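As structure tokens, this is what we get:
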């Protein structure tokens with residue numbers, strides 16, 4: 001009986017490791033494509049919503065940036081994970097519909113700008129302003 005329990009105790013971690021490896025392979029790096037909307041935070045209600053005033057449309061390696069009537073087209077450097085927006089270079093991080101742009105400012109601080117697309121599982125909540133932080 002004790003040997004049987006030890007076997008089960010050995011099988012459980014091996015099974016969890018196997019499931020983790022499968023999850024990693026299934027969650028390959030997703031292509032950076034789609035329309036991304038600026039995420040705006042409301043500190044009074046501690047919620048986040050999207051803005052239609054600043055939009056980035058990504059198709060393959062080209063980004064079309066629309067900001068209050070200004071339109072700019074830029075090439076995305078996928079090797080360095082950088083994009084230049086209105087003469088400022090940002091590093092980007094993309095994961096499941098969420099795009100974060102980061103740049104180092106002169107005083108050793110960082111500027112982070114968050115965008116979301118309809119590929120995000122909580123895009124509808126962003127549209128309704130129901131995402132809390």
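Numbering (this note's numbering), first residue to last: 1 to 133.
Idealized CB from N, CA, C, for every residue including glycine.
Keep in mind it's a predicted model, so treat the numbers as computed, not measured.
Beta-carbon separation of residue 126 and residue 55 under 8 Å?
-> Here residue 126 refers to the residue found at position 126 when the chain shown is read from its first residue. Here residue 55 refers to the residue found at position 55 when the chain shown is read from its first residue. No.
Using 10 angstroms around the beta-carbon of residue 83, count the other beta-carbons present and answer buried if the total reaches 16, otherwise exposed.
-> Start at 1 with the first residue of the chain shown, and residue 83 comes out as number 83. Its Cβ being crowded by 16 or more others within 10 Å, residue 83 is buried.
Taking residue 33 as the reference, which of 76, 5 and 51 has the closest Cα?
-> In the chain shown, counting from the first residue as 1, residue 33 sits at position 33. The option with the nearest alpha carbon to residue 33 is 76.
Can you tell me which of the three DSSP states residue 86 falls into?
-> Within the chain shown, residue 86 is the residue found at index 86, counting from 1. Of the three classes helix, strand and coil, the one that applies to residue 86 here is coil, per DSSP.
Leaving aside the five residues before and after residue 25 along the sequence, list all residues of the same chain whose C-beta is less than 8 Å from its C-beta, in chain order.
-> For the purposes of this step, residue 25 is taken as residue 25 along the chain shown, with counting starting at 1. Correct list: empty, nothing qualifies.
Within 8 Å, strictly: CB atoms of residue 58 and residue 36 = To locate residue 58, count along the chain shown from 1; it is residue 58. To locate residue 36, count along the chain shown from 1; it is residue 36. Contact: yes.
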